[in-house]
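Here's the structure, in structure tokens; my notes come after.
There are 2 protein chains.
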Amino acid sequence: MQKLSRHRRMVVLTEGQLGLFGAKTAASVIRYRHQDVVAVLDSERRGEPMAKFLPWGHDIPIVGSVEEALPLAPDALLVGIAPMGGQLPQRMRAHLIAAIEAGLEVVSGLHSALAGDGQIGQSARQRGVRIWDVRETGDFWQVSTARAATLPVKRVLTVGTDCVVGKMVAALELTEAASTAGWDASFVPTGQTGIMIAGWGMAVDRVISDFVGGAAEWLVSQVADRQVCFIEGQGSLGHPGYSGVALGLLHGSCPDALVMCHRPGRDRHHGIEAPVALLAEQIELTEAMAALVHPCRVVGLCINTAEMEPAQARRAIDQAADQTGLPAVDVLRDGCGPLIKALGQALGMA
Amino acid sequence: MQKLSRHRRMVVLTEGQLGLFGAKTAASVIRYRHQDVVAVLDSERRGEPMAKFLPWGHDIPIVGSVEEALPLAPDALLVGIAPMGGQLPQRMRAHLIAAIEAGLEVVSGLHSALAGDGQIGQSARQRGVRIWDVRETGDFWQVSTARAATLPVKRVLTVGTDCVVGKMVAALELTEAASTAGWDASFVPTGQTGIMIAGWGMAVDRVISDFVGGAAEWLVSQVADRQVCFIEGQGSLGHPGYSGVALGLLHGSCPDALVMCHRPGRDRHHGIEAPVALLAEQIELTEAMAALVHPCRVVGLCINTAEMEPAQARRAIDQAADQTGLPAVDVLRDGCGPLIKALGQALGMA
Chain F
367 MQKLSRHRRM
377 VVLTEGQLGL
387 FGAKTAASVI
397 RYRHQDVVAV
407 LDSERRGEPM
417 AKFLPWGHDI
427 PIVGSVEEAL
437 PLAPDALLVG
447 IAPMGGQLPQ
457 RMRAHLIAAI
467 EAGLEVVSGL
477 HSALAGDGQI
487 GQSARQRGVR
497 IWDVRETGDF
507 WQVSTARAAT
517 LPVKRVLTVG
527 TDCVVGKMVA
537 ALELTEAAST
547 AGWDASFVPT
557 GQTGIMIAGW
567 GMAVDRVISD
577 FVGGAAEWLV
587 SQVADRQVCF
597 IEGQGSLGHP
607 GYSGVALGLL
617 HGSCPDALVM
627 CHRPGRDRHH
637 GIEAPVALLA
647 EQIELTEAMA
657 ALVHPCRVVG
667 LCINTAEMEP
677 AQARRAIDQA
687 ADQTGLPAVD
697 VLRDGCGPLI
707 KALGQALGMA
Chain D
367 MQKLSRHRRM
377 VVLTEGQLGL
387 FGAKTAASVI
397 RYRHQDVVAV
407 LDSERRGEPM
417 AKFLPWGHDI
427 PIVGSVEEAL
437 PLAPDALLVG
447 IAPMGGQLPQ
457 RMRAHLIAAI
467 EAGLEVVSGL
477 HSALAGDGQI
487 GQSARQRGVR
497 IWDVRETGDF
507 WQVSTARAAT
517 LPVKRVLTVG
527 TDCVVGKMVA
537 ALELTEAAST
547 AGWDASFVPT
557 GQTGIMIAGW
567 GMAVDRVISD
577 FVGGAAEWLV
587 SQVADRQVCF
597 IEGQGSLGHP
607 GYSGVALGLL
617 HGSCPDALVM
627 CHRPGRDRHH
637 GIEAPVALLA
647 EQIELTEAMA
657 ALVHPCRVVG
667 LCINTAEMEP
677 AQARRAIDQA
687 ADQTGLPAVD
697 VLRDGCGPLI
707 KALGQALGMA
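If you read the sequences in order, they're chains F and D. Going by the working numbering, the first residue of the first sequence is number 367, and it counts up by one from there. Going by the working numbering, the first residue of the second sequence is number 367, and it counts up by one from there.
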């Protein structure tokens with residue numbers, strides 16, 4: 367696994383998709399590594415203030431071309447989107463070629479490896495520029511046998527009622543809060559953006575489907591000597607596109623506790639027409655499915671209220687707590703206090 | 367998808383693993399295509415009667431080397447095993463090289479593509495011999511959006527309480543029984559052995575994990591104009607190695623009815639130490655998971671009694687029926703009559 371962390375002057379490409387939920391990868395990379403981002407590249411939004419799209423945008427300038435970013439001395443271009451199916455949008459191609467010609471390294475979490483793209487791969491080889499396809503897993507051939515259950519590290523997995531509800535953010539915030547509370551805690555990245563932020567990991571949605579549980583098992587084994595780890599969840603057990611990945615991760619990582627992430631008010635699954643099941647039903651089913659391999663409980667809720675006013679958000683969070691009897695927070699509004707307390711009790715670390 | 371069906375004089379390689387559950391692929395290819403098999407290659411069992419290992423062995427000779435099989439004029443060597451993880455056992459290598467040198471085509475359902483194996487791939491290219499890696503899916507990049515639910519074909523999926531319980535055999539036998547009953551029925555192969563038998567399909571456990579549901583969706587779309595299809599199940603929702611594949615297939619294929627396959631008396635999952643949940647519990651959970659995308663019921667049971675005496679088998683089948691209130695048969699002992707009747711009612715085809 368190549369490490370991204372040496373890049374300190376990145377340009378984040380969003381071309382036409384800048385926004386909280388449009389460019390999920392950009393939003394999170396800027397949230398957690400804003401000090402390493404010199405510009406956002408989006409010709410539709412050139413010159414507009416970042417705060418309009420991401421409240422945590424830190425006045426990062428929005429440029430309209432690679433050329434315009436060059437005076438900022440960038441060292442890499444990072445593809446800031448994570449579209450369904452993971453293909454490169456055609457309109458991003460010219461920016462990638464321009465970045466390569468300017469000598470910038472390219473970082474991408476798309477399914478379609480850019481190094482294997484005829485035009486882009488060839489340009490990079492000619493110019494002697496590296497492409498880091500973060501999602502590439504190489505030859506990974508490990509079948510899960512539920513070995514993770516035998517590891518000393520306590521395992522917490524963030525699960526979700528849908529895709530794009532904040533499972534990665536929850537795991538990152540919980541890791542930081544646990545560390546602050548004095549636990550020896552590690553974040554376990556399972557997807558492209560988590561890998562870009564943490565500098566290691568494996569995209570479990572990219573491995574051969576027979577080995578998705580084995581990938582989860584391998585990831586947890588990398589932090590076996592820590593006190594506790596927070597595993598970034600993927601997909602949702604109810605989303606027909608990604609439920610296989612979600613279950614492989616649940617069974618392969620053998621969590622000791624779950625944190626359920628939920629966006630209230632969403633009644634259709636992300637990107638498709640299928641309905642989202644009720645929160646309480648999803649909690650019950652997730653626990654039942656976990657118990658087939660390694661029993662554990664949902665001990666708290668992360669309620670994503672990013673698109674709500676404060677009073678509406680408070681009502682939504684309280685309602686989720688009332689419906690389930692579980693502690694509920696929006697980790698970005700409220701912090702992780704109640705969740706860390708609940709986890710401490712559930713894991714015997716209080 | 368390349369078709370196997372033109373091979374009419376196959377040698378099936380089992381080297382050291384001949385038996386009902388040791389060489390799963392060989393057992394099923396011989397069951398359903400015995401007229402196209404001229405020999406089994408297993409140097410440990412050379413000259414022994416096939417009936418000792420497979421009751422449906424049809425007096426196929428067991429040879430100890432490729433050379434010994436050549437007078438039978440074979441046209442292909444088929445790798446007859448499906449090991450956990452799908453790697454080539456070292457001891458099979460010499461037989462494969464000998465087959466290639468003798469000009470036989472090679473057919474393999476292993477995860478590790480033989481065409482990409484240095485020594486074997488090179489030998490095949492030098493000799494001008496084709497290798498058919500049945501599990502290779504090429505570039506498949508389709509995310510499931512539960513489109514299968516909108517297709518006119520009625521979809522029946524065989525699911526299982528574990529791996530290696532007879533989900534493929536159940537789907538094949540049900541397809542034949544349905545055809546005999548006058549339905550326009552098609553078998554949908556989702557794994558390497560099913561593909562070898564039917565001559566088309568896709569190994570859903572070989573695609574990138576994000577696309578396992580999409581692969582199921584694509585497979586069903588190939589038989590959209592038939593009256594009913596019987597989809598070969600994979601893995602089990604409770605097996606930590608393969609639960610992701612099982613759920614992706616369940617959600618991607620959007621079945622209208624399920625047939626649960628079960629081997630009584632097995633209390634640990636195939637190949638590992640994890641316990642197998644109770645039959646009734648697995649039925650309930652499978653239906654609940656299906657309902658997250660497309661509701662359906664388990665309408666009957668296939669009880670695998672291959673290792674039981676007749677009286678013991680009868681008791682086990684009756685017990686499963688009593689425990690669940692569902693029609694139960696061993697399709698190889700009893701035929702599919704009660705299941706076809708139950709499916710006819712459930713699907714409105716009675």
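C-beta atoms are modelled at their ideal positions from N, C-alpha and C, and glycine is treated no differently.
key: Close beta carbons around Leu-585/F, own chain, < 6 angstroms, minus the five adjacent residues each side   = Position 219 of the first sequence, counted from the first residue, corresponds to residue 585/F. Around Leu-585/F: Val-554 and Met-568.
task = Have a look at Gln-383/D, Pro-518/D, Thr-516/D and Arg-634/D and flag the residue whose alpha-carbon is nearest the alpha-carbon of Ser-409/D.
result = In the second sequence, the residue the question calls residue 409/D occupies position 43. Measuring from the Cα of Ser-409/D, the nearest candidate turns out to be Gln-383/D.
task = Taking a Cβ distance cut-off of 7 angstroms, strictly less, list which residues of the stretch 474–499 of chain D are near chain F, in chain order.
result = His-477
query = Any chance the CB of Thr-541/F is under 7 angstroms from a heavy atom of the ligand PLP?
reply = Annotation note on the ligand PLP: not contained in the displayed structure, which lists no ligands.
request  = Taking Pro-606/F as the query, report the chain D residues whose CB atoms sit under 7 angstroms from its CB, ordered along the chain.
outcome  = For the purposes of this step, residue 606/F is taken as the residue at position 240 of the first sequence. Those within 7 angstroms of Pro-606/F in chain D are Ser-510, Thr-511, Ala-512, Gly-579, His-617, Gly-618 and Val-659.
inquiry  = Using a Cβ-Cβ distance cut-off of 8 angstroms, determine whether Met-655/F contacts chain D.
reply    = Along the first sequence, read from residue 1 onward, the residue named residue 655/F stands at position 289. For Met-655/F, the answer is yes, since a Cβ of chain D falls inside 8 angstroms of its Cβ.
key: Through-space distance from Arg-680/F to Arg-699/F, alpha-carbon basis   = As a working mapping, residue 699/F is identified with position 333 in the first sequence. As a working mapping, residue 680/F is identified with position 314 in the first sequence. Using only the alpha carbons, I get a separation of about 10 angstroms.
ask   = When Cβ atoms are compared, which residues of the stretch 557–571 of chain D fall closer than 8 angstroms to chain F?
value = Val-570 and Asp-571
task = Could you work out which residue in Val-625/D, Ala-656/D and Leu-420/D is closest to Gly-710/D when comparing CA atoms only?
result = By 1-based counting over the second sequence, the position of residue 710/D is 344. Taking only the C-alpha atoms, the option nearest Gly-710/D is Val-625/D.
message = Quick check: the stretch 529–541 of chain D against the stretch 494–509 of chain D, are at least 3 beta-carbon pairs closer than 8 angstroms?
response = no
query = Are any of the Cβ atoms in chain D nearer than 8 angstroms to that of Gly-631/F?
reply = As a first step, residue 631/F must be located in the first sequence, where it is residue number 265. By this cut-off, Gly-631/F is not an interface position.
inquiry  = Bridge partners for Thr-524/F per DSSP, in chain order?
reply    = For this step, residue 524/F is matched to residue 158 along the first sequence. Note: Thr-524/F sits in a beta bridge opposite Val-625/F.
Residue nearest to Gly-579/D in terms of C-alpha spacing, selected from Gln-600/D, Ile-563/D and Gly-560/D = What you label residue 579/D is simply residue 213 of the second sequence in a count that begins at 1. Comparing Cα positions, the closest option is Gln-600/D.
task = Could you tell me whether the Cβ atoms of Ile-428/F and Arg-412/F are closer together than 8 angstroms?
result = Within the first sequence, numbered from 1, the residue matching residue 428/F stands at position 62. Within the first sequence, numbered from 1, the residue matching residue 412/F stands at position 46. Yes, Cβ-Cβ distance for Ile-428/F and Arg-412/F is below 8 angstroms.
inquiry  = Taking 8 angstroms as the threshold (beta carbon to beta carbon), is Gly-710/D in contact with chain F?
reply    = By one-based count along the second sequence, residue 710/D stands at place 344. Not an interface residue.
query = Buried or exposed: where does Leu-470/F fall if 16 or more other Cβ atoms within 10 Å of its Cβ makes it buried?
reply = Position 104 of the first sequence, counted from the first residue, corresponds to residue 470/F. Label assigned to Leu-470/F: buried.
message = If I follow the unbroken alpha helix (DSSP H) through Glu-583/D, where does it start and stop?
response = Taking the second sequence and counting its residues from 1, the one referred to as residue 583/D is at position 217. Glu-583/D -> alpha helix (DSSP H) spans 578–587.
task = Consult DSSP for Ala-493/D and reduce its assignment to one of helix, strand or coil.
result = In the second sequence, the residue the question calls residue 493/D occupies position 127. Checking the sequence, you will find Arg at residue 493/D rather than Ala. Looking at Arg-493/D - three-state DSSP - the assignment turns out to be helix.
query = Which residues of chain D have a Cβ atom closer than 7 angstroms to the Cβ of Leu-613/F, listed in chain order?
reply = By one-based count along the first sequence, residue 613/F stands at place 247. What Leu-613/F touches in chain D: Ser-609, Gly-610 and Leu-613.
request  = Select from Lys-418/D, Ser-394/D, Pro-421/D and Glu-414/D the residue whose C-alpha is nearest the C-alpha of Gly-430/D.
outcome  = For this step, residue 430/D is matched to residue 64 along the second sequence. That would be Glu-414/D, whose Cα lies nearest to the Cα of Gly-430/D.
inquiry  = Please classify His-617/F as buried or exposed, where buried requires at least 16 neighbouring CB atoms within 10 angstroms.
reply    = As a working note, residue 617/F is residue 251 in the first sequence. His-617/F is buried by the Cβ-count criterion.
query = Using a Cβ cut-off of 8 angstroms, which residues of the stretch 525–536 of chain D contact any Cβ in chain F, in chain order?
reply = Listed in chain order, the positions of the stretch 525–536 of chain D with a beta carbon within less than 8 angstroms of a beta carbon of chain F would be empty, since no residue qualifies.
request  = Give a yes or no on whether the minimum CB-CB distance between Trp-584/D and chain F is below 8 angstroms.
outcome  = Residue 584/D sits at position 218 when you count from the first residue of the second sequence. No, no contact with chain F.
query = Using a Cβ-Cβ distance under 8 angstroms, would Ala-646/D count as near chain F?
reply = By one-based count along the second sequence, residue 646/D stands at place 280. No, Ala-646/D does not count as interfacial toward chain F.
Any chain D beta carbon closer than 8 angstroms to Met-780/F = Residue 780/F lies beyond the range of chain F shown here (367 to 716); nothing can be said about it.
key: Runs of alpha helix (DSSP H) lying entirely within the stretch 606–660 of chain F, each at least 4 residues, in chain order   = Note on the stretch 606–660 of chain F: whole alpha helix (DSSP H) runs with a minimum of 4 residues are 609–619 and 645–657, in chain order.
key: Pairwise C-alpha distance: Val-589/D and Arg-374/D   = Along the second sequence, one-based indexing puts residue 374/D at 8. Along the second sequence, one-based indexing puts residue 589/D at 223. When rounded, the distance between both Cα atoms is 26 angstroms.
query = Which residues, taken in chain order from the stretch 440–459 of chain D, show a beta carbon closer than 8 angstroms to some beta carbon of chain F?
reply = Met-450, Gly-451, Gly-452 and Gln-453
task = For Trp-549/D, return the contacting residues in chain F, with the cut-off set at a CB-CB distance below 8 angstroms.
result = As a working note, residue 549/D is residue 183 in the second sequence. Within chain F, no residue comes near Trp-549/D; the closest Cβ sits about 27 angstroms away, beyond 8 angstroms.
task = Check whether the stretch 643–663 of chain D touches the stretch 593–607 of chain F, counting contact only when three or more Cβ pairs, one atom from each stretch, lie closer than 8 angstroms.
result = They touch, by the three-pair rule.
task = Report the rounded CA-to-CA distance for Ala-622/D versus Gln-685/F, giving the unit in angstroms.
result = Indexing the second sequence from 1 puts residue 622/D at position 256. Indexing the first sequence from 1 puts residue 685/F at position 319. A small correction: the amino acid at residue 622/D is Asp; Ala does not occupy that position in the sequence shown. Looking at the two C-alpha atoms, the distance is approximately 35 angstroms.
message = Out of Glu-673/F, Thr-524/F, Asp-441/F and Gln-648/F, which one is the CA nearest neighbour of Ala-465/F?
response = Locating residue 465/F in the first sequence gives position 99, where the first residue counts as 1. Measuring from the Cα of Ala-465/F, the nearest candidate turns out to be Asp-441/F.
query = Just curious, the alpha helix (DSSP H) that Glu-467/D is in, first and last residue?
reply = On the second sequence, position 101 is the one that residue 467/D refers to. First-last of the alpha helix (DSSP H) with Glu-467/D: 459–467.
query = For Thr-499/D, does the three-state DSSP call read helix, strand or coil?
reply = Here residue 499/D corresponds to residue number 133 of the second sequence, with the count starting at 1. Contrary to the premise, residue 499/D reads as Asp rather than Thr in this sequence. Strand, per DSSP.
inquiry  = Let me confirm a value: His-636/D is counted as buried when at least 16 other C-beta atoms fall within 10 Å, else exposed. Which label applies?
reply    = Taking the second sequence and counting its residues from 1, one reaches residue 636/D at position 270. Buried, because 16 or more other Cβ atoms sit within 10 Å of the Cβ of His-636/D.
key: Every unbroken alpha helix (DSSP H) within the stretch 413–488 of chain F, with a cutoff of 4 residues, ordered by chain   = 432–435 and 459–467
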